[in-house]
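Number of protein chains: 2
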Amino acid sequence: MTATASKHDVFQAVADPTRRQLLKLLSDQEMPVTVLSSHFPMSRTAVSKHLRILSEAGLVKERKVGRETRYRLDPGPLQELKDWYSYFERFWENKMAALQHFVESDGSERFPAPLTMVEKEKEQD
Amino acid sequence: MTATASKHDVFQAVADPTRRQLLKLLSDQEMPVTVLSSHFPMSRTAVSKHLRILSEAGLVKERKVGRETRYRLDPGPLQELKDWYSYFERFWENKMAALQHFVESDGSERFPAPLTMVEKEKEQD
DNA sequence: TTGACATGAAACCAAAAGGTTTCGTATAAT
DNA sequence: ATTATACGAAACCTTTTGGTTTCATGTCAA
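Given below as structure tokens:
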């Protein structure tokens, strides 16, 4: 159990453009919610909720300073994203060859039957 | 306009675990919907809809062979994911130092005021 | 001590997401 | 011809998402 697998994973956290921009803003330095929300056409509360999702995914850390809460980027969990797509990098080089086969095939062959299939690795992504 | 910026982008497409697994299955070889759906605890139609989303994001290509439609992985759009991620790689090395500062700060300083801010790059992610 | 600021929690809402079942159509097999 | 397969489209439903407004609390400033 490496990944915390909590309610919000990195993939989902990063799926929203607002949250992606939040991460970029926070990459410079830590910032309180009010400052962050000034960059978006939505309410402070909405931004606050986005921050909580990022926090649950472990992508930001928070810290109270007086009456404000400052958020800071934690890029750590992004590693999971990298690991995931790096799996596909090996297909990058094959892409041309694969496309070639794709085009050349006349489709007359039946789809290969049993397939062995990886099966059973259901939620391993 | 490099990115097609259509209804479904790569980030969103990849946010769903079912779709991520679909991509993995397809990385081996092309497959028709029925075979793919046998790997999931949901209806064929549901899988079909996931495939359409992947297709809209450009991550899979389809091809009719007789009465079946075979889907194939196109890893190309994953580049966008990689590019995005790579922006944050430079913060990896700083992570320790940053955390250090994070801990050391006594919070007595007010949050830096004007901040100049990148502003205006709204939807550039 | 009184008021202004910073923020999260709560209640609420509309739209999107993820599924299901049903149906129509094209292709393959008998 | 007729039946079985493969599949997408459509209609429908429930839960999640992304937002809003309102409210309570803690902290800073006068």
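Same order as they appear, the protein sequences are chains A and B. Taking full-length UniProt numbering, the leading residue of the first sequence gets 1, the next gets one more, and so forth. Taking full-length UniProt numbering, the leading residue of the second sequence gets 1, the next gets one more, and so forth. Quick reminder that beta carbons are idealized off the backbone N, C-alpha and C, glycines included. Given the structure is predicted, the values throughout are model-derived calculations rather than measurements.
Using a threshold of 7 Å, state whether the C-beta atoms of E84 of chain A and P75 of chain B are closer than that.
For this step, residue 84 of chain A is matched to residue 84 along the first sequence. For this step, residue 75 of chain B is matched to residue 75 along the second sequence. Just to set this straight, residue 84 of chain A is Trp in the shown sequence, not Glu. No. Outside cutoff.
So L59 of chain A packs on A13 of chain A, CB below 8 Å; how close in whole Å?
Counting from 1 along the first sequence, the entry for residue 59 of chain A is found at position 59. Counting from 1 along the first sequence, the entry for residue 13 of chain A is found at position 13. Indeed, because the Cβ distance is near 6 Å, the residues count as touching under 8 Å.
With respect to the alpha helix (DSSP H) encompassing L25 of chain A, which residues constitute its N-terminal and C-terminal limits?
For the purposes of this step, residue 25 of chain A is taken as residue 25 along the first sequence, with counting starting at 1. Its alpha helix (DSSP H) spans residues 17 to 28.
Per the DSSP calculation, Y85 of chain B is bridged to which residue(s)?
The sequence position of residue 85 of chain B within the second sequence is 85, counting from 1. Answer is none; Y85 of chain B lacks a bridge partner.
Chain A contacts from the stretch 69 to 85 of chain B (Cβ-Cβ distance under 8 Å)
R70, R72, L73, D74, P75, G76, L78, L81, K82, W84, Y85
Kindly list, in the order they appear in chain B, the residues whose Cβ is closer than 8 Å to that of S55 of chain A.
Indexing the first sequence from 1 puts residue 55 of chain A at position 55. Going along chain B, no residue has its Cβ under 8 Å from S55 of chain A, so there is no contact; the nearest lies around 15 Å.
Given this structure, state the Cα-to-Cα distance separating residue 129 of chain A from S55 of chain A, to the nearest angstrom.
Past the edges of chain A, shown from 1 to 125, lies residue 129 of chain A, and the structure says nothing about it.
Spell out the partners DSSP gives R70 of chain B in its beta bridges.
Locating residue 70 of chain B in the second sequence gives position 70, counting from the first residue. B:P32, B:R63.
Is F40 of chain B helix, strand or coil by DSSP?
Numbered from its first residue, the second sequence carries residue 40 of chain B at position 40. Correct three-state label for F40 of chain B: coil.
What does the alpha-carbon distance come out to for the pair residue 163 of chain A and E89 of chain A?
This structure cannot settle anything about residue 163 of chain A, because the visible part of chain A is limited to 1 through 125.
Look at the Cβ atom of P32 of chain A, then the Cβ atom of R72 of chain A, and state whether they are nearer than 7 Å.
The residue labelled residue 32 of chain A in the question sits at position 32 within the first sequence. The residue labelled residue 72 of chain A in the question sits at position 72 within the first sequence. Contact flag unset, no.
Nearest to F11 of chain B (by Cα), restricted to the options B:E80, B:S43, B:H39
Against the second sequence, residue 11 of chain B aligns to sequence position 11. Among B:E80, B:S43, B:H39, the Cα nearest to that of F11 of chain B is on B:E80.
Check distances from the C-beta atoms of the stretch 8 to 19 of chain B to those of chain A and list, in chain order, the residues that come in under 7 Å.
F11, Q12, V14, A15, P17
Proximal chain B residues relative to S27 of chain A, where beta-carbon distance stays under 7 Å:
Your numbering for residue 27 of chain A matches position 27 in the first sequence. Correct list: F88, F91.
Could you check if R20 of chain B is buried or exposed, using at least 16 other CB atoms within 10 Å of its CB as the buried criterion?
Sequence index remark: in the second sequence, residue 20 of chain B carries index 20 (1-based). Burial call: buried.
In angstroms with no decimal places, state the Cα-to-Cα distance between P77 of chain A and T18 of chain A.
Position 77 of the first sequence holds residue 77 of chain A. Position 18 of the first sequence holds residue 18 of chain A. Spanning the two alpha carbons is a distance of roughly 18 Å.
Reduced DSSP secondary structure (H/G/I, E/B, other) of A57 of chain B
Within the second sequence, numbered from 1, the residue matching residue 57 of chain B stands at position 57. DSSP places A57 of chain B in coil when its eight states are reduced to three.
Taking the straight line between their C-alpha atoms, what separation do you get for R9 of chain B and K61 of chain B?
The residue labelled residue 9 of chain B in the question sits at position 9 within the second sequence. The residue labelled residue 61 of chain B in the question sits at position 61 within the second sequence. For the record, residue 9 of chain B in the displayed sequence is Asp; it is not Arg. Their backbone Cα atoms lie some 15 Å apart in a straight line.
Can you name, in chain order, every residue of its own chain whose Cβ lies under 7 Å from the Cβ of I53 of chain A, other than the five neighbours on each side?
Indexing the first sequence from 1 puts residue 53 of chain A at position 53. Contacts found: H8, A13, R19.
Please report how far the alpha carbon of A57 of chain B lies from the alpha carbon of L26 of chain B, in whole angstroms.
Along the second sequence, read from residue 1 onward, the residue named residue 57 of chain B stands at position 57. Along the second sequence, read from residue 1 onward, the residue named residue 26 of chain B stands at position 26. Approximately 15 Å between the Cα atoms of the pair.
In three-state terms, what does DSSP make of K49 of chain B?
For the purposes of this step, residue 49 of chain B is identified with residue 49 of the second sequence, where counting begins at 1. Looking at K49 of chain B - three-state DSSP - the assignment turns out to be helix.
Taking C-alpha atoms, which residue in A:L23, A:E68, A:Y87 lies nearest to H50 of chain A?
To locate residue 50 of chain A, count along the first sequence from 1; it is residue 50. For the residues A:L23, A:E68, A:Y87, the minimum Cα distance to H50 of chain A belongs to A:L23.
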